[in-house]
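Please read the structure below before turning to the comments.
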Amino acid sequence: MPSITCRRGREVSGLGATSEVARALQTAKGSPHYRRGVRRAATAWSALADRPWRFLASAWPWRSFAYIVSSPFVALGVLAGLIGAVVAGIMLSPVWIGIVVLYSLPVLGVGVGRLERWRIRLMQGPDEPPLASPHLALPDDTTLRQRIAYRRREPASLRALGYTALLAFLVGWVDFVLVLFTLLATGVLALSPLLASFGPVGVLWWEADTPAEALPLALLAAPVWFVLSAYVLTLAAAAQAELARSLLGPREEELRERVAELRRSRLDLVDAFETERRRIERHLHDGVQQR
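Mapping the sequence shown onto our numbering, position 25 (from 1) lands on 93, and the numbers just tick up by one.
Below you can see the structure in the form of structure tokens.
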């Protein structure tokens, strides 16, 4: 007898379970984790650990490629911003403007962190919420000077500045070399018969002088390299996304501090309300006595 436990908590067995089972299977197939009968991996790590044909049929290799390809462009812009801010700060330091620029340098990490939290959506699963900001929300009446002074002392801003430096001087250029080597190797292997008509083509120990000799490179080596590069790029993108989450996301102690601060603010508000209530009652009481 088929049996299933419904969402309402009752167990349906016998013939009555048939419709429930069909409804449950239909709901599962329509969930974000299923597509045309194929289960979709929730994260890049689970996709890497899945069967190769499922991994290659998923969107994770292409999403990882887009994430890795966009890193050098972001790194180039961030590097230009860092160098420009430092040079402007040094040159304008005699007139105090440069000191203000250097003083506000951690705020650049806040902007880069916001951009990276948006870009990391490429490496998030369908049910995974967006990466929350670790920065404390400031009141609307906070002045620009107060915002800069608070942000530059905030631990999350210093972590964001460290990630900015890593992205500008290391991570972005590693991604650039990885993408460039992958594209060049894929292009050479796929076009090896055409290239062999202009001259010898050598790949590792294989050297082809004619298009016929280079045909195995295009038919065998190119697909194998494509599969290997898909795994390498996805692994690199997943590792970079984990680095971004650890440095640009909220930490548990910061969340506890926010909860404690909200609790203190609530208690202060309750105390202020109680003090005002007592003042009004005392004022009314004194007015009645005077009459």
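Think of the CB as a built atom: it goes at the ideal place given N, C-alpha and C, for glycine as much as any other residue.
- Secondary structure of W273 (DSSP, three-state): coil.
- Take R227, set aside five residues on each side of it, and the residues of its chain with a beta-carbon closer than 6 Å to its own are L315, in chain order.
- Per DSSP, the continuous alpha helix (DSSP H) segment holding G157 begins and ends at W128 to M159.
- Pairing A264 with P279 gives a Cβ-Cβ distance under 7 Å.
- Out of L150, E342 and R319, the CA that lies nearest to the CA of H203 is found in R319.
- By the criterion of at least three beta-carbon pairs nearer than 8 Å, the segment 109-125 is in contact with the segment 287-304.
- Minimum Cα-Cα distance from F133 among the listed residues G152, I188 and L160 corresponds to I188.
- W164 sits in coil when the DSSP states are folded into three classes, being neither helix nor strand.
- Listed in chain order, the non-local C-beta contacts of A224 below 6 Å within the same chain comprise P202 and H203, local neighbours out to five positions each way being set aside.
- In this structure, the CA atom of I348 is about 59 Å from the CA atom of Q308.
- In this structure, the straight-line span from the alpha carbon of F294 to that of A205 is close to 45 Å.
- DSSP, reduced to helix, strand and coil, places D208 outside both helices and strands of the structure shown, so it counts as coil.
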